[in-house]
Every structure is written in structure tokens, then in C-alpha cells.
Amino acid sequence: MKIVFFSAQPYDKVFFTQFNKDNYELVFLEIPLNEQTADFAAGANAICVFVNDKITAGVLEKLSKTTVNIIALRCAGFNNVDLDSAKSNGIRVCRVPAYSPEAVAEHAVAMLLTLNRKTHKAYNRVREQNFSLNGLLGYNIHGKTIGIIGTGNIGKAFAKIMLGFGCRVLAFDLIANKDLETLGVEYLPLMEVFKSDIISLHCPLNEQTKHLMNESSFAMMKKGAVLINTSRGGLIDTKAVIKALKTGQIGALGIDVYEQEEKLFFRDLSEDIIQDDAIQRLMSFPNVLITAHQAFFTNEALTQIATTTFNNISQLINTNNLTPQAALLV
Ligand code: NAD
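Numbering (this note's numbering), first residue to last: 90 to 419.
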């Protein structure tokens, strides 16, 4: 039984090797999966992919002519997979629906606190013996209104943290979470949630949510509001957010995900000339904090991702089904 990993990083190799209790043959490839690289899956029974691998109809057609009949996503989001095409090609697709949602929620909070209290600037200043406070003024998060869009596993964990800070928490989701309502979260129409002091995005990227944050939604926001996105880059219209940052309509932006991230994230480009002008512009703002899709990156989450992925694969081989069902996409 052979599993080929695409977009594999050194830490993937460490965690997946450690939790390979069934002694599968593991092949780790650094290259991403796309139509040009799909042939590298030859001879595998399953492939394991990540957020920026492109599992398009063309890739699935190529895979269907190989021995691969399982695609195991080592992530929760699945906007990068053509599920209809996987189904028609008889390839099963599974994911890790919930691996330490707290990891992502806590990173969203870290971004918010950094932007607000400017600890990244204070750290550098003090190292240069500059003990002045000028320019570091923040505000209390306590008492502010937080708008959460998407209250699934991660949004729920984020809501609970913000309630602990003493915030008023507003939320928008297709389905209200009763437990959160009991804790004091108020579900309101999206337009009302847009009026919060701080907005954090935790819904998936799909046709309904693509560019959910666009010129007209920015216009509905409170002037100077903070926007945090740890979900998927495509939720924000990048050109529109740059415009809103320039006018001050958005007061601060924290992003762990970026629309064009597949050409940038998860690699060291420090010696390269970046061709993406939008990210260069975003990096030039003093009130923008960018991290390179690291919100999931904790010891607990990587352990959970590796163990769940192996469980998914072995269950699919042995029973052709999965528990919990949420892990099975096709
Ligand atoms: P989840 O499926 O548990 O929750 C998603 C929630 O969004 C659900 O409650 C759903 O009803 C809601 N939703 C769906 N469509 C919506 C819409 N149009 N408007 C508002 N709400 C909507 O998912 P999760 O585990 O909480 O993950 C959320 C997202 O976080 C994932 O889709 C993934 O893209 C992203 N993610 C990012 C990282 C990272 O490292 N940055 C890690 C894991 C997940």
C-alpha cells in the first residue's frame, strides 16, 4: 500500500512518518499536484494533498488512469477539489474536518492583538534600545463588538475566546449554533454583522462566499474597522481591500491566507523578485499583518491531521466508508 504526498514539507514527513502505524509505503514529494505533476502518483493507491494542490477535472482524469483511488486531503477546506469530477471518475475523497480548531482560532486572536498593540513593532524597537511609546497606542478589546462570519468549528472556538475577552459577539452563519446563542452570541443578518468593530472570517470559500468582502461590504463596515481572515484568501477581493486600506475605511487587516497564495506561500522566496504586485502593496502598509497560512501550525493540529488522515485511508480501504461521515467528501 503506497501513499504519495504532494506539496510535502519537512514537518509533514516528520509527523506522517511518526504516526504511520500500518507501515504504509510513504513517498514525500515537494512538488504541488497539478496536471503536469499528476503522473508522479503512478503506482500509488492513495495520494495525500494540501490546500494549494489543484485537484481539477484534468488532474482527476489523469489519476483515474492510474492505481490511485483515494485522495486524502490533509486539511479541512476542500475548495480546491472538483468533487463532481472525482465522483464521476470513481475516486474517493476524504479530509480532516476538525483538527484543533483552537489552533486557527488562537492564531486569529494573535493577529488581532498584534495589530492592535503593535507588539511586532515594540519587539524591534526595544531591541534597538528605543524605549519610546510613540506610535504604539492601542485600544481595549474588552467591550468591543466582534463580528464572526461562519460559526463552525473554528468560528465557534474564536467566539468563545472573544466572549472571554468581554466582547459583544455578533455572528452570521447559514445555521445558528444554539450553544453559542446560550453563551450570548447574537446571530444577526450579514449587513448588521458588517458594522462590528472587528470582523473575523471563518466560513468556507465557495461560489456564494467568493469575494464576500468586496467594495460594497467594505462600504457597510464601520470606518477604521479591523478585518481578520484565517479562512481562505478568495473570501476577500484583494484589489478592493487595498483601496479600502488606502482610504482608511479598513483600519487594520490581518491575513493568514491570500487569494494568490499558491504562488508564494510555503516556500522561501527571500532571494526572488516577487511578481505579485498586490501582495507587495499589502506588505507595504504599516497596519497590515500577513502570515503565510500558519494558523493551523501547532503540534496538536499536526498530530491530529496525521492520525485522522491515516484513519481515513485505512477505513476507506477496509470498509469503503468513513466515520465520522463529515470526513468523506465523495
Ligand atoms: P466548518 O465547516 O466547521 O464551519 C464553516 C461554517 O461556515 C459552518 O458553520 C457553515 O454553516 C458556515 N457557512 C457556510 N457558508 C456560509 C456562508 N455563505 N456565510 C456564512 N457562513 C457560512 O469549518 P471550520 O473547520 O470552522 O473551518 C472554516 C474554514 O477555515 C475552512 O473552510 C478553511 O477554509 C479554513 N481553515 C484555515 C486554516 C488555516 O490554517 N488558515 C486551517 C483550517 C481551516
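By construction, the Cβ of each residue, glycine as well, lies at the ideal position given by its N, Cα and C atoms.
C-alpha gap between residue i and residue j, whole angstroms
i	j	result
Cys164	Asn242	13 Å
Thr203	His209	7 Å
Asp171	Thr145	5 Å
Ala341	Thr412	41 Å
Tyr228	Gly132	57 Å
Ser189	Pro293	17 Å
Gly166	Lys332	28 Å
Phe307	Ile339	7 Å
Val185	Ala329	32 Å
Gln404	Ala246	29 Å
Phe108	Glu114	13 Å
Ala135	Arg206	46 Å
Ser221	Ile317	28 Å
Ile237	Ala199	16 Å
Ser305	Val377	21 Å
Gly147	Val274	44 Å
Asn388	Asp101	11 Å
Met280	Leu371	26 Å
Leu277	Gly323	23 Å
Arg181	Leu417	8 Å
Ile235	Lys312	14 Å
Phe374	Ser285	22 Å
Ala127	Gly224	51 Å
Ala130	Thr155	8 Å
Bridge-paired residues (DSSP) for residue i
i	result
Ser289	Ile237, Ile317
Glu114	Lys91
Gly343	Ile317, Leu378
Met302	Ile325
Ala161	Cys137, Cys183
Arg257	Thr234
Ile144	Val170
Glu360	DSSP, once it has assigned bridges, lists no residue as partnering Glu360.
Tyr228	Note: Tyr228 sits in no beta bridge, so no partner.
Leu417	Cys183
Glu275	Leu259
Selection from the options that minimises the alpha carbon distance to residue i
i	options	result
Cys137	Leu353, Ile288, Lys91, Asp173	Lys91
Leu201	Gly147, Gly343, Leu334, Lys311	Gly343
Asp345	Lys267, Arg321, Ile331, Val315	Arg321
Phe117	Gly313, Gly239, Val93, Met309	Val93
Leu290	Asp268, Leu122, Phe261, Ala308	Phe261
Ala367	Leu334, Asn388, Phe399, Thr392	Leu334
Val258	Lys249, Lys154, Asn178	Lys249
Asn123	Lys151, His231, Leu279, Phe254	Lys151
Lys176	Phe104, Leu149, Glu281	Leu149
Ile325	Leu353, Asn295, Thr336	Asn295
His231	Ile160, Gly253, Ala390	Gly253
Lys267	Met280, Gly255, Thr240	Thr240
Leu269	Gln98, Leu378, Arg370, Met251	Met251
Glu351	Thr156, Asn169, Tyr100	Asn169
Leu226	Gln218, Thr319, Ala211, Ile235	Ala211
Gln125	Arg181, Phe95, Gln218	Phe95
Phe354	Phe104, Ala314, Pro121	Pro121
Exposure of residue i, with buried meaning 16 or more beta-carbon neighbours within 10 Å
i	result
Tyr347	buried
Ile287	buried
Lys233	buried
Arg216	exposed
Asn401	buried
Thr408	exposed
Met75	As shown, the chain starts at 90 and ends at 419. That puts residue 75 outside it, with no answer to give.
Asn141	buried
Asn112	exposed
Asn178	buried
Gln414	exposed
Gly337	exposed
Ala390	buried
Ile160	buried
Thr271	exposed
Gln393	buried
The ligand SAH heavy atom lying under 7 Å from the CB of residue i
i	result
Arg163	Absent from the structure shown: the ligand SAH. Ligands present: the ligand NAD.
Closer than 8 Å to chain D by CB, residue i
i	result
Ala265	Among the chains in the structure shown there is no chain D, since it carries only a single protein chain.
Say whether the region 193–207 touches the region 373–385, bearing in mind that this needs 3 or more beta-carbon pairs closer than 8 Å, one atom from each stretch.
Yes, the region 193–207 is in contact with the region 373–385.
Between the region 288–306 and the region 356–371, do three or more beta carbon pairs fall short of 8 Å?
Too few Cβ pairs lie closer than 8 Å, so no.
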